[in-house]
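See structure below.
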Amino acid sequence: MAQNYYQKEIETMPIEEMKKLQSEKLVKQVKHVYENVPYYRNLMNEKGIKPEDVHGIDDLHKLPFLTKTDLRDAYPYGLLAKPLDDCVRIQSTSGTTGRRVVAFYTQHDIDLWEDCCARAITATGATKKDVCQVAYGYGLFTGGPGLNGGSHKVGCLTLPMSSGNTERQIQFMMDLNASLICCTPSYAAYIGETLREQGYKPEDIPLKAGIFGAEPWTEEMRKGIEATLGIKAYDIYGLTETTGPGVAFECSEQTGMHINEDHFYAEIIDPDTGEVLPEGSKGELVFTSLDKEAFPLLRYRTRDICVLSRKKCSCGRTLIKMAKPMGRTDDMLIIRGVNVFPSQIETVLLNEGYQPNYQIIVDRVKNTDTFEVNVEMSPEQFTDKVGEILAMEKTLAEAMKAMLGINPAVHLVAPKSIARSEGKAVRVIDKRKLV
Ligand code: ADP
Ligand code: ZN
Numbered sequence: 110m111a112q113n114y115y116q117k118e119i120e121t122m123p124i125e126e127m128k129k130l131q132s133e134k135l136v137k138q139v140k141h142v143y144e145n146v147p148y149y150r151n152l153m154n155e156k157g158i159k160p161e162d163v164h165g166i167d168d169l170h171k172l173p174f175l176t177k178t179d180l181r182d183a184y185p186y187g188l189l190a191k192p193l194d195d196c197v198r199i200q201s202t203s204g205t206t207g208r209r210v211v212a213f214y215t216q217h218d219i220d221l222w223e224d225c226c227a228r229a230i231t232a233t234g235a236t237k238k239d240v241c242q243v244a245y246g247y248g249l250f251t252g253g254p255g256l257n258g259g260s261h262k263v264g265c266l267t268l269p270m271s272s273g274n275t276e277r278q279i280q281f282m283m284d285l286n287a288s289l290i291c292c293t294p295s296y297a298a299y300i301g302e303t304l305r306e307q308g309y310k311p312e313d314i315p316l317k318a319g320i321f322g323a324e325p326w327t328e329e330m331r332k333g334i335e336a337t338l339g340i341k342a343y344d345i346y347g348l349t350e351t352t353g354p355g356v357a358f359e360c361s362e363q364t365g366m367h368i369n370e371d372h373f374y375a376e377i378i379d380p381d382t383g384e385v386l387p388e389g390s391k392g393e394l395v396f397t398s399l400d401k402e403a404f405p406l407l408r409y410r411t412r413d414i415c416v417l418s419r420k421k422c423s424c425g426r427t428l429i430k431m432a433k434p435m436g437r438t439d440d441m442l443i444i445r446g447v448n449v450f451p452s453q454i455e456t457v458l459l460n461e462g463y464q465p466n467y468q469i470i471v472d473r474v475k476n477t478d479t480f481e482v483n484v485e486m487s488p489e490q491f492t493d494k495v496g497e498i499l500a501m502e503k504t505l506a507e508a509m510k511a512m513l514g515i516n517p518a519v520h521l522v523a524p525k526s527i528a529r530s531e532g533k534a535v536r537v538i539d540k541r542k543l544v
């Protein structure tokens with residue numbers, strides 16, 4: 110496949126040259142932050158580090174980390190590095206795991222963010238001839254605004270649908286020939302399911318590709334979405350603290366996401382010790398924003414667990430790749446002492462022929478954790494024979510036990526009885542936190 114790049118020189122830059130560029134940017138950035146962000150200056154002073162001690166990327170490990178707690182403590186302006194007068198936008202996290210944090214952008218920051226999204230859109234093969242339907246939420250959430258800006262940069266005809274109103278999504282998609290769709294993978298699956306119910310076959314749908322991210326999704330889910338919509342489904346990663354979607358994006362090889370490392374330098378650390386781990390190790394992803402002006406986080410701990418790879422990619426990009434995040438250190442459930450990630454449950458469901466419509470309910474009764482998984486049957490799987498349901502539940506519970514090492518109580522529920530998500534899906538209800 111002929112490769113399309115949005116910023117070829119950067120995307121295919123030789124590694125040594127990239128390192129030089131990153132080092133130059135880092136030296137400037139550390140100085141900028143030290144001079145303008147008293148919160149971080151204090152952290153550096155506590156560690157006994159001065160901007161002069163940082164000569165390039167190899168010195169990055171000397172700098173202190175920032176965590177989500179720092180962001181919450183410094184809320185709202187404590188990490189701002191530019192006068193508010195120079196800022197043009199605020200965005201906020203979805204608050205999946207607690208109080209929202211806010212991020213600030215100058216026009217320069219918006220531009221580089223939109224460039225990153227434009228790289229992601231171009232990597233799917235899309236050009237100015239495409240019609241791009243943006244079905245991520247617009248507003249404080251970064252999904253809609255980020256992809257919208259990227260789509261404009263590429264020159265696509267942009268449909269700023271926002272999320273929700275699925276009937277209207279489908280009508281516009283069909284009437285206006287949308288060829289690319291951007292939304293959360295759970296919403297893509299829902300749109301696909303609705304199209305199928307309305308009698309559309311994959312070949313009736315004008316879409317060629319989709320860019321899905323903002324939440325974890327599995328390879329099995331990718332296959333499902335690709336089959337129902339008749340498209341190629343690309344992953345995209347990002348977080349509000351760095352900018353939003355587009356920090357990393359997938360190319361035609363679909364074996365991980367290229368990180369836009371001219372803007373965001375990635376490290377993998379041991380989440381317990383903070384030690385930087387060598388390429389290929391699994392650990393917590395840490396980002397340093399190399400050239401953002403207003404909200405330039407240095408060594409920000411994402412709590413996402415993943416692996417980095419410099420393996421040569423067939424697309425020609427030299428940008429380092431990150432594997433699909435395998436969950437977040439904070440969405441890992443510890444149930445009866447065992448680590449459980451929702452993505453493991455999703456993998457079992459898809460392997461066993463179920464749709465990824467499920468909910469995990471954890472509670473604590475008499476000092477013991479209870480672990481239930483409600484799983485929706487598809488209309489084809491649906492039966493009202495109790496014996497059949499019990500047998501299906503048993504098979505599924507055994508498959509989960511094999512994957513997780515602990516036994517869930519599996520309940521099969523009627524088709525459509527678990528609420529669908531138009532944004533990020535809510536998979537876990539942990540009632541233990543309420544006490
Ligand atoms: P919140 O932390 O409130 O969810 P954001 O909306 O900024 O805030 O979401 C960022 C997080 O979303 C990331 O840290 C990551 O956990 C998750 N995420 C984003 N893109 C992906 C993706 N492609 N795969 C898995 N997880 C993702
Ligand atoms: Zn590639």
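Numbering (our numbering), first residue to last: 110 to 544. Even glycine gets a Cβ: it sits at the ideal position worked out from N, Cα and C.
Exposure label - residue i; buried when at least 16 CB within 10 Å
i      : result
Tyr343 : buried
Arg536 : buried
Ile230 : buried
Lys540 : exposed
Ser390 : exposed
Gly353 : buried
Gly355 : buried
His170 : exposed
Lys238 : exposed
Lys156 : exposed
Ala523 : exposed
Thr455 : According to the sequence displayed, residue 455 carries Glu and not Thr. So Glu455 counts as buried.
Glu370 : buried
Whole-angstrom distance between residue j and residue i, CA atom to CA atom
i      : j      : result
Lys317 : Ala287 : 9 angstroms
Gly308 : His141 : 57 angstroms
Met509 : Ile538 : 18 angstroms
Val197 : Ala511 : 51 angstroms
Ile290 : Cys424 : 22 angstroms
Ile527 : Asn476 : 28 angstroms
Arg209 : Thr251 : 13 angstroms
Leu135 : Gly165 : 6 angstroms
Met270 : Ala297 : 13 angstroms
Gln131 : Glu497 : 59 angstroms
Arg108 : Thr479 : With the chain covering 110 to 544 only, the question about residue 108 has no answer from this structure.
Val544 : Val471 : Model confidence at Val544 stands at a pLDDT of 40, short of 50, so the residue's coordinates are unreliable; what they give is reported in the following sentence. Whole-angstrom Cα-Cα distance: 13 angstroms.
Val495 : Ile414 : 40 angstroms
Pro387 : Asp168 : 15 angstroms
Leu256 : Thr215 : 18 angstroms
Ser201 : Tyr463 : 34 angstroms
Lys533 : Glu324 : 6 angstroms
Asn145 : Leu172 : 16 angstroms
Tyr114 : Gly264 : 14 angstroms
Ile368 : Thr492 : 46 angstroms
Lys525 : Met435 : 27 angstroms
Range covered by the alpha helix (DSSP H) that runs through residue i
i      : result
Gly252 : 252-263
Tyr247 : No alpha helix (DSSP H) contains Tyr247, which DSSP labels as neither H nor E.
Val457 : 451-460
Val495 : 495-513
Gly355 : Run containing Gly355: none in the alpha helix (DSSP H); it sits in the beta strand (DSSP E), 354-359.
Val136 : 124-145
Residue i, enclosing beta strand (DSSP E) - first and last residue
i      : result
Gln200 : 196-201
His164 : First-last for His164: undefined, no H or E at that position.
Asp218 : Where Asp218 is concerned, there is no enclosing beta strand (DSSP E), although the alpha helix (DSSP H) it sits in stretches over 216-232.
Leu521 : 518-522
Glu479 : One point to set straight first is that residue 479 is Thr, not Glu, in the sequence displayed. Note, Thr479: beta strand (DSSP E), 477-485.
Leu268 : 266-268
Phe321 : 318-322
Val385 : Element bounds for Val385: n/a, residue is neither H nor E.
Lys391 : 391-398
Residue i versus the options, residue with shortest Cα-Cα distance
i      : options                        : result
Gly365 : Thr337, Leu386, Leu399, Trp326 : Trp326
Ala432 : Leu442, Val416, Met441, Glu120 : Val416
Phe373 : Lys401, Glu359, Glu384         : Lys401
Tyr148 : Ser487, Gly446, Phe404, Thr504 : Phe404
Ala506 : Leu521, Lys494, Asp493, Gly496 : Leu521
Arg529 : Ala500, Lys503, Pro465         : Pro465
Leu285 : Cys241, Thr411, Gly532, Lys430 : Cys241
Leu407 : Thr176, Glu133, Gln116, Lys117 : Thr176
Arg410 : Gly264, Gly392, Met283, Lys128 : Gly392
Ile158 : Val139, Ile340, Ala190         : Val139
Leu459 : Glu329, Tyr247, Met122, Thr382 : Glu329
Ser361 : Thr233, Tyr143, Glu350         : Thr233
Leu428 : His217, Glu359, Glu384         : Glu359
query: For the 8 angstroms Cβ check, are there 3 or more pairs between the region 217-227 and the region 175-188?
result: no
message: Under 8 angstroms: do the region 328-338 and the region 396-403 share three or more Cβ pairs, one atom per stretch?
response: no
query: Do the region 445-453 and the region 481-496 meet, that is, are 3 or more Cβ pairs less than 8 angstroms apart?
result: no
query: Is there contact here, the region 300-307 with the region 264-280, by at least three beta-carbon pairs under 8 angstroms?
result: Taking 8 angstroms as the limit for Cβ pairs, the verdict is that the region 264-280 does touch the region 300-307.
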